[in-house]
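Protein chains in written order, with the working numbering: chain B, 18 to 119; chain R, 2 to 315.
Take a look at the structure below.
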Amino acid sequence: MSIWIAIGATAVGCYLVKLVGLLVPADTLERPLVQRLAALLPVALLAALTAQQTFSTGQSLVLDARFAGVGAAALALLLRAPFLVVVGVAVAVTAGVRALGG
Amino acid sequence: MAEQTARPDIPAKEAYATAAPSTALAARTDGPAPGHGDAAGPRPGSPSRDASSTPAAKPDSAVVRDALGVGIAVGLSGFAFGVTSAGSGLTLLQTCVLSLLVFTGASQFALVGAIAAGGNPLAAAAGAFFLGVRNAFYGLRLSQLLALPRFVRPLAAHWVIDETTAVSLAQPTRRTARLGFTITGLTLYVLWNLTTLLGALGAEAIGDTDAWGIDAAGPAVFLALLAPMLRTATERAVAGLAVLLGLGFLPVLPAGVPVLVAALAAPAVLWLKGRAIGNRVGGNRDSGDGSTGDGAGRTKEARTKNAQRKEREQ
């Protein structure tokens with residue numbers, strides 16, 4: 018039952034923050050500083066998420082096969098590979114390194 | 002397929018284009034409110050106001066292709082979530098409800114991860130919520146870019162996530178941004194839920210998902226979404242600082258909180274840049290890192306657009 022409560026709280030909370038972002042009055046967003054911040058915040062959040070999902074397990078920092086996979090994905094991006102190829106390369110390289118015992 | 006989204010040369014600036022609605026969302030949006038604001042239907046030729054400063058207009062087919070590329074690639078990763086969630090001890094129904102009602106991957110992974118680790122369910126929910134808070138910032142940005150009428154916003158809000166934001170921001174005009182948002186959101190929502198179901202059903206068959214490298218799909222997706230945003234030294238500085246903060250605080254703060262701390266990289270870099278410009282007053286402002294001119298240009302651009310919008314509203 019407590020898992021259902023957690024699911025409900027997460028669903029309601031996550032929906033409300035999405036909605037709040039969309040409903041903020043336009044006047045608030047007309048200030049150049051706010052516009053600049055709103056443009057930069059996704060950059061900060063995506064960068065932090067990428068790093069965390071590459072280098073962490075739970076609350077500990079680790080260096081494992083994911084690093085090779087995401088590194089290969091970065092290389093594919095530099096070569097302007099299509100999105101599916103970038104993700105495919107990351108998965109394949111990670112699986113390959115693990116298969117080799119990395 | 003989605004090479005456009007991964008190309009750093011596409012400006013993510015919003016153009017106040019007035020164009021014929023062609024997406025389901027845009028049609029719903031524009032139809033009932035003729036003569037209202039920017040979206041009030043086509044003007045002759047309907048070119049982007051920023052046409053002079055943007056690359057050639059992007060054809061709808063290119064937008065659809067990009068949106069489908071992101072939607073399919075990320076949507077398929079719902080399989081990894083289904084597998085992970087079922088492996089964490091959640092029932093099939095619980096797993097599917099998460100994808101249907103939460104629909105923000107990082108939060109979903111955080112929740113089932115914390116439950117699997119034996120964490121208090123409410124603490125797990127708090128971590129998932131903190132991860133979801135970033136969507137408020139995306140909404141802040143999209144609110145202006147898409148300019149949806151208020152009655153559509155509660156529906157559109159559910160699709161405000163990393164991927165729809167990234168695709169929308171990569172579009173040169175409001176029309177293509179709406180098209181990109183709708184196609185990405187629809188494709189991703191349908192596929193993410195289907196693959197969640199399949200993943201949860203097939204969790205036992207596939208065995209150890211990490212052995213298949215599925216845990217690398219998430220960061221690769223985030224990286225591909227981030228890459229086109231790293232246009233100037235300012236963006237790169239923000240990303241670099243965010244990585245340091247996100248990893249540095251990971252071991253010491255509860256799950257989800259380090260990402261919020263990392264978000265402070267954005268105001269921090271802006272503040273430092275403001276100071277740097279202040280110190281250079283009287284000197285050559287453009288001799289800096291190359292992003293100074295960009296920032297000033299954008300500010301001016303924003304003011305111009307605001308002025309134009311006010312004119313129109315009167």
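Ideal Cβ positions, reconstructed from N, Cα and C, are used throughout, including at glycine.
Since this is a predicted model, take the numbers as computed values, not measurements.
Are the C-beta of residue i and some C-beta of chain R separated by less than 9 angstroms?
i	result
Leu63 of chain B	yes
Leu117 of chain B	no
Leu80 of chain B	no
Have a look at the options and flag the residue whose alpha-carbon is nearest the alpha-carbon of residue i.
i	options	result
Ser108 of chain R	B:Leu62, B:Thr67, B:Cys31, B:Ala68	B:Cys31
Arg142 of chain R	B:Pro59, B:Ile22, B:Leu117, B:Ala26	B:Pro59
Leu50 of chain B	R:Ala277, R:Trp272, R:Asn280	R:Trp272
Arg237 of chain R	B:Arg97, B:Phe100, B:Ala64	B:Ala64
Ala120 of chain B	B:Gly75, B:Gly118, B:Leu54, B:Ile20	Residue 120 of chain B cannot be examined here, being either before or after the span of chain B that is shown, 18 to 119.
Leu78 of chain B	R:Ala277, R:Leu254, R:Ala269, R:Leu261	R:Leu254
Thr197 of chain R	R:Ala81, R:Leu69, R:Lys59	R:Ala81
Gly106 of chain R	R:Ala218, R:Ala269, R:Leu91, R:Leu231	R:Ala218
Could you tell me if the beta carbon of residue i falls within a distance shorter than 8 angstroms of some heavy atom in the ligand PLP?
i	result
Arg179 of chain R	Looking for the ligand PLP in the displayed structure turns up nothing, as the structure carries no ligands at all.
Please check if any C-beta of chain B sits within less than 9 angstroms of the C-beta of residue i.
i	result
Thr30 of chain R	Only weak support exists for where Thr30 of chain R lies, its pLDDT of 31 falling under 50; the value from the coordinates is given anyway. No - not a single Cβ of chain B is within 9 angstroms of the one on Thr30 of chain R.
Phe80 of chain R	no
Ser108 of chain R	yes
Pro173 of chain R	no
Ser62 of chain R	no
Ala58 of chain R	no
Trp193 of chain R	no
Pro155 of chain R	yes
Phe182 of chain R	no
Pro259 of chain R	yes
Tyr139 of chain R	yes
For residue i, I'd like the list of residues in its chain whose CB is within less than 8 angstroms of its CB, leaving aside the five on either flank, ordered along the chain.
i	result
Leu147 of chain R	Ala157, Ser169, Arg175, Ala178, Arg179, Phe182
Leu101 of chain R	Asn194
Kindly list the residues whose CB is nearer than 6 angstroms to the CB of residue i, restricted to its own chain and excluding five residues on each side of it in sequence; keep chain order.
i	result
Ala89 of chain B	Val106, Val110
Leu93 of chain R	Ala201
Ala243 of chain R	Ala263, Ala266
Pro259 of chain R	Gly247, Phe250, Leu251
On the CB-based measure, 16 or more other CB atoms within 10 Å of its CB, does residue i come out buried or exposed?
i	result
Phe152 of chain R	exposed
Trp160 of chain R	buried
Asn280 of chain R	exposed
Arg48 of chain B	exposed
Gly275 of chain R	exposed
Ser144 of chain R	buried
I need the boundaries of the alpha helix (DSSP H) containing residue i, first residue and last residue.
i	result
Arg83 of chain B	82-95
Thr105 of chain R	No alpha helix (DSSP H) contains Thr105 of chain R, which DSSP labels as neither H nor E.
Leu265 of chain R	Unbroken run through Leu265 of chain R: none, as it is neither H nor E.
Ala237 of chain R	It should be noted that the sequence gives Arg, not Ala, for residue 237 of chain R. Its alpha helix (DSSP H) spans residues 234-249.
Pro122 of chain R	122-133
Gly219 of chain R	218-227
Trp193 of chain R	175-207
Gly70 of chain R	61-77
Gln70 of chain B	49-72
Ala15 of chain B	The question about residue 15 of chain B has no answer here: the residues shown for chain B are numbered 18 through 119.
Val98 of chain R	93-98
What residues in its chain sit with their C-beta under 7 angstroms from that of residue i, if we drop five residues either side in the sequence?
i	result
Ile73 of chain R	Thr188, Leu192
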